[in-house]
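Be aware that the sequence shown starts at 432, since it is given in this note's numbering, and climbs by one per residue.
By construction, the Cβ of each residue, glycine as well, lies at the ideal position given by its N, Cα and C atoms.
First comes the structure, then the notes that go with it.
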Amino acid sequence: MAVWSYQVKKISATEYDLVFVADMENGWYIYSQFIGDEGPIPTSFQYDLNNNVQLVGKSKEAGYKKEGFDEIFGMNLIKFGKEVTFTQRIKVSTNVKEVVGNLTYMTCNDEQCLPPTEVPFSFILK
Numbered sequence: 432m433a434v435w436s437y438q439v440k441k442i443s444a445t446e447y448d449l450v451f452v453a454d455m456e457n458g459w460y461i462y463s464q465f466i467g468d469e470g471p472i473p474t475s476f477q478y479d480l481n482n483n484v485q486l487v488g489k490s491k492e493a494g495y496k497k498e499g500f501d502e503i504f505g506m507n508l509i510k511f512g513k514e515v516t517f518t519q520r521i522k523v524s525t526n527v528k529e530v531v532g533n534l535t536y537m538t539c540n541d542e543q544c545l546p547p548t549e550v551p552f553s554f555i556l557k
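Shown next as structure tokens:
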């Protein structure tokens, strides 16, 4: 129940921000990447990295954040409704033109959860 869009922001000749935006249907949530392993599947990003691409720190997340006890999982969770933005800064050598990988996420509402979904992504660096 999430639709993803992507954007690249050039920071310098060798640094870029990769921006992932998830828009959720009303009443659905996507989970933070910073939750434990015992509940829902956290949002995660797998990059096809090589020596020419480096991640700079952890990706940041911002959006309609809801933090607290979740009745379905019986634990404290961080989840986002409506829209969430994940931003990952990367450093590249000057000859890199594309960064690819997959993201994994799980959505739930107050009654059910859908199985984790894996989505391929591609960013063209200009």
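Where residue i sits in the DSSP three-state scheme
i: E456; result: coil
i: I472; result: coil
Candidates the options, of which the one nearest residue i by Cα
i: E492; options: I503, G512, N483, D501; result: G512
i: G488; options: E446, G532, V452; result: E446
i: K496; options: P547, D468, V515, P473; result: V515
Neighbour flag for residue i against chain C, beta carbons, 9 Å
i: M506; result: The chain labelled as chain C is not found in the depicted structure, where only one protein chain is given.
Extent of the continuous beta strand (DSSP E) run through residue i
i: E549; result: 548-555
i: D541; result: That residue, D541, is in no beta strand (DSSP E); it is neither H nor E in DSSP.
i: N483; result: Where N483 is concerned, there is no enclosing beta strand (DSSP E), given that its DSSP letter is neither H nor E.
i: Q438; result: 433-441
Beta carbon of residue i nearer than 9 Å to that of residue j
i: I509; j: E502; result: no
i: L545; j: W435; result: no
i: I461; j: A433; result: yes
Cutoff 7 Å; reference residue i; Cβ partners in own chain excluding five residues on either side
i: G532; result: F476, Q477, Y478, D479, F552
i: V527; result: N483, V484, L556
Close Cβ partners of residue i (< 6 Å) along its chain, the five nearest in sequence each way excluded
i: S524; result: N483
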